[in-house]
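Colleague:
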Amino acid sequence: MGTKRTSKKSRRLERRAAALDELLGSVSRFSEDLSTSSSMDALLRRMTRIVGKTFPDSSYCLALYRGEAAEIVACSGGLRPLLGRSFTADSKYRRRGRDRGSHRLITDFETIAPYGPMSPGSEAILVVPLISLSNDLGILWIELASADQASEERVALVRILGNQFAAAYRSLVLAERTDVLQGYVEGLFEHSNAAILVLDKDRRVQFVNPVMLALLGQEGSEVLGADFFDFVVVDERYGRWKNAFSEAAAGREVTGEPMDFLSSDGGVRHLVVNATQVPGREGGKQKDILFVGLDVTETVGLQSTLAQQQKLASLGEMTAGIAHEFNSPLTVLGSAAELLLRGAERVGLPTEDLKSSAGFVRESLDRVNNLAKNLLSFSRPEMAQSKRPLDLNEEIERALSFSRYELSRGGVKIQTDLEKDLPSIVAVPGEVQQVLINLLNNAKQAMSPGGGTIVVRTHACEDGGVSVEIEDQGPGIHPDLGEKVFNPFITTKQEGSGLGLYITRGIIERHGGTIRFESSKDGTIFHLRFPVNVQ
Numbered sequence: 000m001g002t003k004r005t006s007k008k009s010r011r012l013e014r015r016a017a018a019l020d021e022l023l024g025s026v027s028r029f030s031e032d033l034s035t036s037s038s039m040d041a042l043l044r045r046m047t048r049i050v051g052k053t054f055p056d057s058s059y060c061l062a063l064y065r066g067e068a069a070e071i072v073a074c075s076g077g078l079r080p081l082l083g084r085s086f087t088a089d090s091k092y093r094r095r096g097r098d099r100g101s102h103r104l105i106t107d108f109e110t111i112a113p114y115g116p117m118s119p120g121s122e123a124i125l126v127v128p129l130i131s132l133s134n135d136l137g138i139l140w141i142e143l144a145s146a147d148q149a150s151e152e153r154v155a156l157v158r159i160l161g162n163q164f165a166a167a168y169r170s171l172v173l174a175e176r177t178d179v180l181q182g183y184v185e186g187l188f189e190h191s192n193a194a195i196l197v198l199d200k201d202r203r204v205q206f207v208n209p210v211m212l213a214l215l216g217q218e219g220s221e222v223l224g225a226d227f228f229d230f231v232v233v234d235e236r237y238g239r240w241k242n243a244f245s246e247a248a249a250g251r252e253v254t255g256e257p258m259d260f261l262s263s264d265g266g267v268r269h270l271v272v273n274a275t276q277v278p279g280r281e282g283g284k285q286k287d288i289l290f291v292g293l294d295v296t297e298t299v300g301l302q303s304t305l306a307q308q309q310k311l312a313s314l315g316e317m318t319a320g321i322a323h324e325f326n327s328p329l330t331v332l333g334s335a336a337e338l339l340l341r342g343a344e345r346v347g348l349p350t351e352d353l354k355s356s357a358g359f360v361r362e363s364l365d366r367v368n369n370l371a372k373n374l375l376s377f378s379r380p381e382m383a384q385s386k387r388p389l390d391l392n393e394e395i396e397r398a399l400s401f402s403r404y405e406l407s408r409g410g411v412k413i414q415t416d417l418e419k420d421l422p423s424i425v426a427v428p429g430e431v432q433q434v435l436i437n438l439l440n441n442a443k444q445a446m447s448p449g450g451g452t453i454v455v456r457t458h459a460c461e462d463g464g465v466s467v468e469i470e471d472q473g474p475g476i477h478p479d480l481g482e483k484v485f486n487p488f489i490t491t492k493q494e495g496s497g498l499g500l501y502i503t504r505g506i507i508e509r510h511g512g513t514i515r516f517e518s519s520k521d522g523t524i525f526h527l528r529f530p531v532n533v534q
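The sequence shown begins at 0 in numbering that gives the first Met the number 0 and counts up one residue at a time.
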């Protein structure tokens, strides 16, 4: 009889051992599955399966803490109606579970009223805390058909399962938060107005934002993974990029370093760059180098313009002084010419030639005097001459008479095509002369040293204005200059001041007119338009 009891006990122990072996195998496979779970749904499905194997014929629910509440995210058996519900967590029990890492086996249901078992026929409730790195993440609530199911081995297994689930869940949450944070940071980088670039230790591009791509003139697919310096002209001027990389790679921050960047359009962009080490995307000890560059090209241009404006202000003051000094000798010369003419008449010398020469001297002195006044009006607009009706053809002939000698010395011939009976324009005579002489002089210099032909045309415009065209046979204006030729201090001539066209446009616009040009390799035509009868 005793032998039979011993045999039955042995078989029970063998079955129990086999069941435990199977459970241990399931736990081992569960652990492997957890490491590959990429979503919460997959994690919960695997947890449901292993709890069902550990406690057959039981019902369970798994709740995760969301602040002070617990949300039920998985259920089985008679507890399925609870799925998705939330309840207030017992903070005292949460602290005790976290501190001891313990579980509770409840057989006296009055102690947990009003919760109690939800599954009919349940004799016990096993409550297992889900803890990872001392963080209380939730609970596993298992309603057992019999308290005997909560053997020491099974409880130990389910506690291991709970902790593994908690660790996997925490990893998923951290991964999701990391993805969100990475997307947030990359979104900031993508929409930043700074040029942002991340290089690894081998200078390969790990990240580049649209601003930097625009500077490079490349697509992201062409740049990512490539050596950044394959896209940068690195010479004495641009070598600071390599120096900054070396400094940052050595752990030394680079701050506010001015750097030039040869952009895709061939222009030079001015950047102020910071460079520093950041954790590599692959983690570990690997460090990447973050470059953040602010494009200050426009600021540099404004500073240059401001400096030029200051030069203009100084030039205006100097011009006023020069013009003032002109007036005294001009008065003396005019008086001397008049005295010479009177003296010649008194002594009986032939006066026709003298009168002609004296008239030319007087006209030249008037021109110089007007130039002095124009210089004063340039620096002090309140001293400008008054406007009066002018015949533009006469002003052109007068300007040509003043310029003809200098033009002929440069091998330049003049052709005119002046429309008769042009309407009068209302303008300051000296300023119109200044415009015409400036443009004639520019045309001569454009054809230097070989010379050529300048053609001057006038015609009435359909809208009532008057047009002047001055055409040369020079090599044309470089397309890169464009409208910049009208800016101050812009010149292609070594001896030029860069002010001629700037002053010319200013005069024309003060008269309500416009100036433009068209240019090719065969020459340049300046088009001037003046309104008529405008005071």
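Positions of the beta carbon are idealized from the N, C-alpha and C atoms, including for glycine. Predicted model only: the values in this text are computed from it and were never measured.
Have a look at Glu67, Leu78 and Phe54 and flag the residue whose alpha-carbon is nearest the alpha-carbon of cysteine 60.
Modeller: Nearest of Glu67, Leu78 and Phe54 to cysteine 60, Cα basis: Leu78.
Colleague: To the nearest angstrom, how far is the alpha carbon of aspartate 416 from that of glutamate 396?
Modeller: Rounded to the nearest angstrom, the two C-alpha atoms are 11 Å apart.
Colleague: Let me know if valine 411 comes out buried or exposed under the rule of 16 or more other beta-carbons within 10 Å of its beta-carbon.
Modeller: Buried, since its Cβ has 16 or more Cβ neighbours within 10 Å.
Colleague: Given a cut-off of 8 Å, decide if threonine 275 and phenylalanine 289 are closer than it, judged by their beta-carbon atoms.
Modeller: Residue identity check: residue 289 is leucine in the sequence provided, not phenylalanine. Cβ atoms of leucine 289 and threonine 275: closer than 8 Å.
Colleague: Quick one: what does DSSP say tyrosine 92 is sitting in, helix, strand or coil?
Modeller: Residue confidence is low: tyrosine 92 scores 47 on pLDDT, short of 50, so the model does not pin down where it sits. No coordinate-derived value is stated.
Colleague: Please tell me whether valine 272 and valine 253 are closer than 8 Å, where the distance is taken between their beta carbons.
Modeller: It is a contact, given that the beta carbons lie within the stated cut-off.
Colleague: Do the CB positions of leucine 82 and histidine 102 come within less than 8 Å of each other?
Modeller: Contact: no.
Colleague: Just how far apart, CA to CA, sit aspartate 40 and valine 172?
Modeller: Looking at the two C-alpha atoms, the distance is approximately 13 Å.
Colleague: For valine 277, is the classification buried or exposed, using 16 other Cβ atoms within 10 angstroms of its Cβ as the cut-off for buried?
Modeller: Exposed, since its Cβ has fewer than 16 Cβ neighbours within 10 Å.
Colleague: Let me confirm a value: phenylalanine 86 is counted as buried when at least 16 other C-beta atoms fall within 10 Å, else exposed. Which label applies?
Modeller: With fewer than 16 Cβ atoms within 10 Å of its Cβ, phenylalanine 86 is classed as exposed.
Colleague: How is alanine 62 classed by DSSP in three states: helix, strand or coil?
Modeller: If DSSP states are grouped into helix, strand and coil, alanine 62 belongs with the strands.
Colleague: Arginine 251 and aspartate 226 - do their beta-carbons sit closer together than 8 Å?
Modeller: Not in contact: aspartate 226 and arginine 251 (Cβ atoms no closer than 8 Å).
Colleague: Helix, strand or coil: which one does DSSP assign to glutamate 218?
Modeller: If DSSP states are grouped into helix, strand and coil, glutamate 218 belongs with coil.
Colleague: Do isoleucine 476 and threonine 513 have their C-beta atoms within less than 8 Å of each other?
Modeller: Against a cut-off of 8 Å, the Cβ pair of threonine 513 and isoleucine 476 comes out as no contact.
Colleague: Report back the beta-carbon spacing between glutamine 472 and glycine 499 to the nearest angstrom; my notes put them in contact at under 8 Å.
Modeller: So it is not a contact: roughly 19 Å between Cβ atoms.
Colleague: Compute the Euclidean distance between the alpha carbons of lysine 386 and glutamate 430, then round it to the nearest angstrom.
Modeller: Whole-angstrom Cα-Cα distance: 10 Å.
Colleague: In whole angstroms, give me the CA-to-CA distance for isoleucine 268 and valine 295.
Modeller: Note that residue 268 is arginine in the sequence shown here, rather than isoleucine. Answer to the nearest angstrom: the Cα atoms are 8 Å apart.
Colleague: Among Gln285, Leu212, Pro487 and Gly219, which residue has its Cα nearest to the Cα of phenylalanine 260?
Modeller: Cα-wise, what sits closest to phenylalanine 260 is Leu212.
Colleague: Alanine 68 lies in the beta strand (DSSP E); which residues open and close that run?
Modeller: Element bounds for alanine 68: 68-74.
Colleague: Suppose you measure from the CA of glycine 279 to the CA of valine 154; what does that come to, to the nearest Å?
Modeller: The alpha-carbon atoms of glycine 279 and valine 154 are separated by roughly 43 Å.
Colleague: Kindly list the residues whose CB is nearer than 7 Å to the CB of leucine 332, restricted to its own chain and excluding five residues on each side of it in sequence; keep chain order.
Modeller: The answer, listed in chain order, is Leu364.
Colleague: Counting only the same chain and skipping the five closest in sequence on each side, list residues whose C-beta sits under 7 Å from that of glutamine 217.
Modeller: Answer for glutamine 217: Phe230, listed in chain order.
Colleague: List in chain order: all unbroken beta strand (DSSP E) runs of 3+ residues lying wholly within the segment 460-526.
Modeller: Taking only runs of at least 3 residues, the beta strand (DSSP E) segments lying wholly in the segment 460-526 are 465-470 and 513-519.
Colleague: For the alpha helix (DSSP H) containing alanine 41, list its first residue and its last residue.
Modeller: Alanine 41 -> alpha helix (DSSP H) spans 39-53.
Colleague: For aspartate 135, is the classification buried or exposed, using 16 other Cβ atoms within 10 angstroms of its Cβ as the cut-off for buried?
Modeller: Answer is buried; the Cβ neighbour count reaches 16.
Colleague: From leucine 43 to aspartate 178, what distance separates their C-alpha atoms?
Modeller: C-alpha separation (whole angstroms): 21 Å.
Colleague: I'd like to check one pair, glycine 409 with lysine 443: are the Cβ atoms closer than 8 Å?
Modeller: A contact, by the Cβ cut-off of 8 Å.
Colleague: Tell whether a beta-carbon distance below 8 Å holds between serine 57 and glutamine 148.
Modeller: Taking 8 Å as the Cβ cut-off, serine 57 and glutamine 148 qualify as a contacting pair.
Colleague: By how many angstroms is the C-alpha of serine 402 removed from the C-alpha of leucine 435?
Modeller: So the two alpha carbons sit approximately 10 Å from each other.
Colleague: Provide the residue span of the alpha helix (DSSP H) that contains arginine 434, from first to last.
Modeller: First, the amino acid is wrong: residue 434 is valine here, not arginine. Counting along the chain, the alpha helix (DSSP H) containing valine 434 begins and ends at 428-445.
Colleague: Between valine 425 and glutamate 517, what straight-line distance do the alpha-carbon atoms span, to the nearest angstrom?
Modeller: Going by the C-alpha atoms only, they are around 26 Å apart.
Colleague: Taking valine 72 as the reference, give the member of Ala336, Arg361, Leu198 and Trp140 with the closest Cα.
Modeller: Here the closest residue by C-alpha is Trp140.
Colleague: Along the chain, where does the beta strand (DSSP E) that runs through lysine 412 open and close?
Modeller: 411-417 is the span of the beta strand (DSSP E), which, as asked, contains lysine 412.
Colleague: For valine 454, write down the residues that DSSP places opposite it in a beta bridge.
Modeller: Answer by DSSP bridge pairing, in chain order: Gln414 and Glu470.
Colleague: Decide if proline 128 is buried, meaning its Cβ has at least 16 other Cβ atoms within 10 Å, or exposed.
Modeller: By the neighbour-count rule (16 or more Cβ atoms within 10 Å), proline 128 is buried.
Colleague: What does the alpha-carbon distance come out to for the pair isoleucine 507 and valine 455?
Modeller: About 17 Å.
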